[in-house]
Each structure stands twice: as structure tokens, then as C-alpha cells.
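See below for the structure under consideration.
Residue numbers (full-length UniProt numbering): 1 to 1100.
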């Protein structure tokens, strides 16, 4: 551009690279106020004095030090020096993360649930208390006035919050001069996607596409990619559009980066993304954007700051990114600073190096550890893999002698299978510690009792806090001290349990990597004290306060049995009342160890995926369709239901993810919303189509969901409410179901909220009572255009409520219509009161926390776990009376209570043997005789196979179990915890066996047989064929090649999402909500009268 440049430097940087690169360079005069090497670069007045004395017209603040300092930008303006960056008000807005979050909400940019600015632990605690039950753990504490990963920590559980907040606040004060923090929900499995923007300061903004910055170490970026791999164009448009939408209302000026977290596949246009923060400056990784757009962003900054060039700039971004670019940040390792004795940069086509060091210069440890960046790019038409290879080659040619850097780690990242496979999330380096260390992940190693073990410093730093003293007893994994390194506070943990014998360092002391800090005398790896402390312990958990059901007298349920007894049974002074529970409490054997922690993280990621897909389902046909729908004075289907159900109650939706993965994911929920809600204390089914999805048309999955909802209403004798806003019905079968339900005296109510034409006209005509909304509601079976009649004359609200009599009630608005539906339901006859289940008790929360289920459930459905650990976290008081515990041990059977309801539970602990099947048959018949509902907890690969078992009658015994399960006359409920395959699925009351409800956990797999078994059968048949043809058996390699696609296909088609998409179940649920769903299901089932059962032939 021909502009002369001036650099400023502090004394330690007199031989640094940047002073020699500029036309002129000036020393920032030393001052008593400069307490450390960073201080001169923060001295606003000294820097402005140099500007004024040397005729400097503009200051580019770079991407550190004063780049986001409001006071510096303001003082530059006061002194007539152009600040090449945003205005002070923009720095103030986006520099305060809480203000930025509030602004994002106003700009309709999605954000995570979170707090405002918290300047004290008390304020943060108050936020948590006010949002208990809303926020899901883990949560993220983050510095409000800084970035770069400092002052930031993920907190997994409430008991760790106080210490973590104090730590973050201390780091924020150290790094940014302000200890204010905020708290928000933490997304466990997320990508960091950011968008480069430039604004003209007049309300116009352009974007330069996105970067994927998900490879991070301690919340600091390590490798960045542009553009993001495999990103769907629609998702890219949504994210870049949100970035522009954030910047234009505030008339943002100059360059900035809007950062987002994205959950779900980047290839999915509907993946969820949320605003993370806005960095109002040029970013370290702007280089890769320059490579794929051809735009020099720093030159663009200068042009915009000078008030010129934005008109041309607006046309500069290409229609799409061209080629690929990757940046690797080369950083000092802890303790790696020193004299750079030799330095050589790589060179060649597509290789760029941005460096801040030079040969013969001391590289200090006090600054940011990044010393240079290696950027490699390839042109359009070349592959991403080619770009990776170019970067690996460039890194191998980078020579740095005398200092220690992360070059080897960068190579391990670029070669790692997860990076190559584009399965990178922000937790990648935390989850794969061997990538950072270059060593295999350490196993939990113990030490013999009496052995002395040293705790060593993992890297160079300063001791910030000592948490133990000689004589203290510690457990393995306990933090014994804290080291401050690179402006971050790092726990140093004891490797073994035992007694602290020596503390070898003091507070504020500098320590080197490998230096001994603490000496512990080990107590022994498996000593009873350690084992007992690690095991999860039962504890009394308070039951959440809930309003009593209408008409229920306190204690009625608990006294149901005793009130029927003669008073003479009781001794003088004795009182009839509930007795103490006699069932034993399950003893958990789960420990909160590394395995627990990994499983917890894995299952939290699955739940985050589930939430993202649920949000997709609730989004209907998209923002445009929803806006057009609301413009007609209409509510969304779920909003309509909320207007009808009792305040303070929750709607339990059936199969919300219907049609997932089908029709390009353009038919959320199959176009139908169905579920159960409480109206005037009575459970009711709601069925309503979503007119924002394909105009209300019903696809095949929607029709099956409609039929399933009617089936639930029929089986459980629930009043059925139809919210009609469509142009067609769900098929003739649905009208038949309406007629049959009417014959069974099941109340049905229709509310016509839009067009109800063609076959759909029969829906209100077949109901007991109906309501129609004036103007929007229309009912007619066919077009009468030849008669010259308009739609209102043909089927409008006024005509049908005054002339035809097809509709009973007219409402002026949807709100009035919903109120009329409530009124109708309030006058249903109490002819068939809700059945009373003998043996009910006062509800009690489990003694073990259901949150622990996420640490129990393995990452792979092939890994076994004890189903009793699940039972302990869903039944009242964690009490379980196990039936035949020593016989047929691969099936756990027993009696318990869930929310006060008696239940019989069958849970898999392995394959089904003859003994397991016989035990199940006996147990199911007992529950049938006693009228006890049955709960099936699936984790089953099937029945055992083999000659010995066939001769022993496994098929005959399995048939007994299937007969008992098929014929038992009690409500049955299923939860698929992991796998459910083959005949094992049948025996455990699979979908064909009329369960009242079936729910799946997110990891569930369901199939006729497992992928491995299917592959085994097919390869066996192939080998037999080859033998007949005189050919040799398949080789090991051929077998594996043949099996791989079979296993992959079965895995894809057996997922929980595949099942729920096709309406083979009633929905995927968060495992922690299992107890809630089962209790609701039992409550619903009690609306139907008890029936007598008759069993088929049991082959003996």
C-alpha cells in the first residue's frame, strides 16, 4: 500500500523481529510502573506520546495487548490518531461478554442459557439457585472481559463450583484486570466455528466465510481450518447470516470475528449453533481466511479505517471459499523459553510463515507462548488431505534450536484418525491426552503400601497454592497444589492414595518440569478405605414439592390397604397406617473413577445431540413458515396444547423425532404433534398436525404416528383431542378408530383451527363435541366451485355452527377456542374413575442420584453393565426385592415401587438361557395374578445358541417366556438401555407385544440380529457355498472385507434414531428422566379397566 510503518517495543524485545521489520522503531521508555515485560505494551500514554512525537496518523493494535482496550481506542480518538479497529462503543459492547450475550438475544442470534455478570461467588450462587432445574450440568464459568481460554473452566458437578469460580475469577483478574465472570450451560460435544466479518460503521457488514477452530488445548486454539469441512451450504448460510445479523444493528466498524459453538453434524443443515462471543479485532487465524478468499484482511482494515474502499470491498469475498487452508500455531512448551540458536522457516508453493522470532534472539516465557504460525493452503480442486500433507512437510522443515515447542504434537494432531476423519470437537485434546504427551494414556497405577511416591511438576511454572501439609491423608486424583503457568492455574494431583510425608516447595516458588513437589507414602492401591470412598454412596434425596392431584386426600394412597382392615386388628393404642418398607436397598458397586468420567462425558454428548434434534423437531417448518403461520393469528401446535393443559403440568410428547433422517429432514415430527397432557386433573391425548410443515400434509410416518396416538388413547381409555389444521386426513383407518373409540365411550373432542377438508372433514364429524375458529377454520368434504359458493359459505364457522350443526361451538380466536376445549374436557363424566392399584405407597426419591446413570452406561453397547445399577436409580428408595437372585442370573427380576406405584421389573444382565426364561415365565405370571405392572429394561443380544442348548430345550423354554409376556393381563412398559436384538427383543416385550409405552435411551440399538451376528451368518453361508464349489475358505482379510459393510449397514439401521423415525417406539429420552416417564406411563395405564387374562399352552 506504500504506507510507512512504525513499531514500538519494550527493552526485552530490542532484538525481536518486529522492530526490524518496520520502517522505524521506537523504544517504549522504561517506567517504575512497568512491573513486568508486558506492562510497557499496556502503557497507553507512553504509546500515544510516541505517536504524537513522530507524526503517526493511525495505530493498528494487532490481536493482543491493547487490541480490545476501550480506553486506548477512546484516547486515540481524543489525540487525533485513527484506531484501526472498532469504535470504543463496539469494544465496550463486545468486550463485556454479558452485554454481548444480551445484544445477541436482541439480534435474534441463538445463545446458551446463562447468567449476567457475576462479580462475586455469592452472585454466581444466586444465579444457580434461581435456575436450578433449568441449567443442566456441566456448566462453563468464563471471564466476562477477556478471551483466549483464560479465566475459563468447565464444572461437572455442583460441589466443585465454588472453588472453580474463585479460580476463574482469579485468572480473569490476573489476565484482564477484572475478575468478573459469567456462567452458562456447557456443550460437551461441540465444534468451534467462527465467522470473519468487516463492517463499514454505517450498518453494512460483509462476511468472509467460516473457520473451524475446534482443535484446542486448555481452551486455546492450536490448529485452524478454512473453510469448515463438509459444512452444508444451508448451515453455512444460517451461521454466516447470524454473524452479519449481530453486527449490522450496532453499525459495527472494521474487522471482527463472531464465534459459535455447533452441535450435530456440519453436514446437517439443521444442526444447532449458539453464539459464543464476538472478538472485536483481527484474529490470529485470519491468515487462513486470506488464503481461501484472496482478500488481504489487514489491508481491508486499513482501507475501512481510512473511510475508503468498502464499496469495492463488499464485492471482494468470492461466492464460496476456494481451496483449503490450515494454520498450525507453534507455541512454547512449559519451560521451553530460551535463546533461539538456530531458526529456519519452511518455504514453497502454498506455504506461509508469520513469525515473531529471529535467530539469535532470546524467546521469553512471559509473553503469550505462540511464537509463530505455519499456514499451508491448496488451490480449488485439490483435496484437504493434500493440504494436510503440505503442512506436515512444512513443519518437518521448520528448524528451531535452543527452545522447546509443540511441533511434534502438531504432527500427531494432523495424523490422528479423528482429525483425518473430521470428527474433531473442542474436547479432542482433553479426550486424547496421548496426542499432547506423545505417550500412551497412563493406566491407573498403584503403589505398594509403604512405598514413597513423588508428585512432580508437569511443567515449568510458579506455585500458586499449596493444599496439603505433612500428615494429611489424600486420595489418588486429589489436587495437592496449584501451579500458575502461561497465565492459567493448573491442578497437580496425587497419583496414589496415602499420607503426605513432605512438601518440598513453597508458595510463589518457581518450579521446573519434573521437579519433586510433594512426597506421599502410599496406603496401597486396593485398600478398603480408598475403595469405600470411591464407591458411589446412597443418600437421602428430597422429593421435589409437587401439588396434590385434585381430590386426593394426603395419605390416601399410603393408607389404601390399611383402611379396609377391621380396627380390631390393632392393639390398644395402635394406629392404622403405612408400615416401614422391608425391601433391601441395592448396594451400588460403581466408582466415580476414570471410566465413570469418560462414560459421563460420552453420554452427555449423546444427550446434547438429542437436545439438538429435539430443537429441530420443535422448529417446525422453519422460520419463514412459522412467521407466515403466526401472521394469520395462529399458534404453533405445541403452544395450542400448552393453552389447554393444566398450568404447572408438563406435556409428554410421543415420538417427537418421527421422520428423522427422512425427506432431507424437512418433515420434523412427521408433521404431527401427539402426546399426553393433564386437563382438569385427567390425562388426555392430543393429536395435532403442524401446518408449518409441508402445509399440514401428512407423510407416512405422520400417519403412523397419528395411528399410534389413537392406539394409546384406545388402550388406556384416554379422552382424545384433535387439533385440526390441515387439508387431508390420516387415512380411513383413523376414522374407523374414532368410531370404535366412541363405541367404547372414550370421549373425543375436535378443534378446527384451519382448513379441514376432504377426508379430514370427518374428524370433527366423528367427535362428541367440536369447536371452530372464525375466519381460519373451514370444514368441507369437497369443492363446490361450480355453485359459485365461497369457502365461508361452503364450510365456514358461521355456517357450520348455525346451519349444518357439524360443529358445536364457535370461537373468535384460537385462545378462545383452546379455552372452550378446556371447558368441554372439564365436563366429561366421571363414569369410569381411575383404577386404584393395590399396594401403592408414599412416593420416595431413589437414594442414588439418577445423574449417575450417565457414568454407568458404557460408550459401546457391547460392553456389559449390571442392570441393578440402573434399577437403583429409578425405583423408590433404591429398594428392590429380587426374585430368585441365584437362579437364571442373566435376567434380573424383582419387585419395587416407582413414584409409589408397585412394579415388577425384568432387566437383562446377559443373554437369555433356559433358566433365565423359566424364571421370567414364573415371575411374569406372579405379576399377572397380583395385577402388578411390568417394566422391561432391555440390554439383550438374544437367546443363547449352540447344540448343547438346543438339546436342552432353549427354544421350548424361550416359547414359555414369550407366551407369558404375550398373555399377561397387566400394563407393560419397555426401556431399551443399550442393545435389543433378535428373539431377545420379542421375549422382553418388544413393539409387537403391545407395550403401553416403549422408550429408548440415546445409545440404544434395536434389530432382528446384531451387525456382527448378521455378518457371521452371511459369511458362513458364503463359505459353505465356496466349499460346495470346491473353492478354499475365505481368508481372514476377505472375511473382514465382507463383514465390514454388513456391520456398518446394520449399525446405521439399528440406531435409536432410525427406530424412532419409523414410529417403532414412543420416543428417545434422557436416561435421567426414565423414572419420570415410567411413572407417567403407569398413571396413564390406570385409566383403563383391569382385564382377566388367559394363557396359551406352555410346552413342558
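Beta carbons are placed, not taken as given, at the ideal position from N, Cα and C, and that holds for glycine.
Note that the structure is a prediction, hence the values are computed from the model and not measured.
Compare the beta carbon distance of residue i and residue j with 8 Å and say whether it is the shorter of the two.
i            : j            : result
residue 999  : residue 1066 : yes
residue 356  : residue 18   : yes
residue 709  : residue 657  : no
residue 985  : residue 867  : no
residue 388  : residue 331  : no
residue 869  : residue 1054 : no
residue 1114 : residue 978  : Only positions 1 to 1100 of the chain appear in the structure, and residue 1114 is not among them; the question remains open.
residue 463  : residue 509  : yes
residue 746  : residue 797  : no
residue 188  : residue 842  : no
residue 865  : residue 871  : no
residue 1075 : residue 902  : no
residue 246  : residue 104  : yes
residue 969  : residue 996  : no
residue 828  : residue 1086 : no
Around the Cβ of residue i, are there at least 16 other Cβ atoms within 10 angstroms (buried) or fewer (exposed)?
i            : result
residue 582  : exposed
residue 227  : buried
residue 192  : buried
residue 195  : buried
residue 398  : buried
residue 778  : buried
residue 863  : exposed
residue 249  : exposed
residue 409  : buried
residue 1017 : exposed
residue 988  : buried
residue 605  : buried
residue 770  : buried
residue 20   : exposed
residue 96   : buried
residue 1035 : exposed
residue 164  : buried
Taking the alpha-carbon positions, what's the residue i to residue j distance?
i            : j            : result
residue 670  : residue 251  : 41 Å
residue 184  : residue 137  : 10 Å
residue 528  : residue 496  : Its pLDDT being 34, under 50, residue 528 is placed unreliably by the model, and nothing is read from it.
residue 1056 : residue 102  : 37 Å
residue 625  : residue 598  : 41 Å
residue 767  : residue 720  : 9 Å
residue 92   : residue 28   : 26 Å
residue 1148 : residue 511  : Lying outside 1 to 1100, the shown extent of the chain, residue 1148 is not represented and no answer is given.
residue 198  : residue 210  : 13 Å
residue 324  : residue 1052 : 30 Å
residue 55   : residue 44   : 17 Å
residue 347  : residue 690  : 59 Å
residue 294  : residue 308  : 19 Å
residue 811  : residue 650  : 26 Å
residue 1014 : residue 1046 : 7 Å
residue 975  : residue 1064 : 13 Å
residue 688  : residue 724  : 6 Å
Alpha helix (DSSP H) runs contained entirely in the region 946 to 992, provided each spans 4 or more residues: 947 to 951, 954 to 967, 982 to 987
With a threshold of 8 Å, are at least 3 pairs of Cβ atoms found where one atom belongs to the region 167 to 180 and the other to the region 125 to 139? no
Any chance the region 336 to 349 sits against the region 34 to 53, with 3 or more Cβ pairs inside 8 Å? no
Three CB pairs or more closer than 8 Å across the region 407 to 415 and the region 356 to 365: no
When you compare the region 741 to 753 with the region 802 to 820, are there three or more beta-carbon pairs, one atom per stretch, that lie closer than 8 Å? yes
Please go through the region 334 to 378 and give each complete beta strand (DSSP E) segment of 3 or more residues, from N-terminal end onward. 342 to 344, 351 to 355, 370 to 378
Contact the region 1080 to 1093 vs the region 1020 to 1040: 3+ CB pairs below 8 Å: no
Check whether the region 870 to 890 touches the region 907 to 926, taking contact to mean three or more Cβ pairs, one atom from each stretch, closer than 8 Å. yes
Output the residue ranges of the beta strand (DSSP E) runs that lie fully inside the region 189 to 262 and measure 3 residues or longer, sorted by chain position. 191 to 200, 205 to 217, 220 to 226
Taking contact to mean 3 or more Cβ pairs, one atom from each stretch, closer than 8 Å, check whether the region 37 to 57 and the region 6 to 16 are in contact. yes
Across the region 957 to 970 and the region 920 to 940, are there enough close Cβ pairs to call them in contact, namely three or more that are closer than 8 Å? yes
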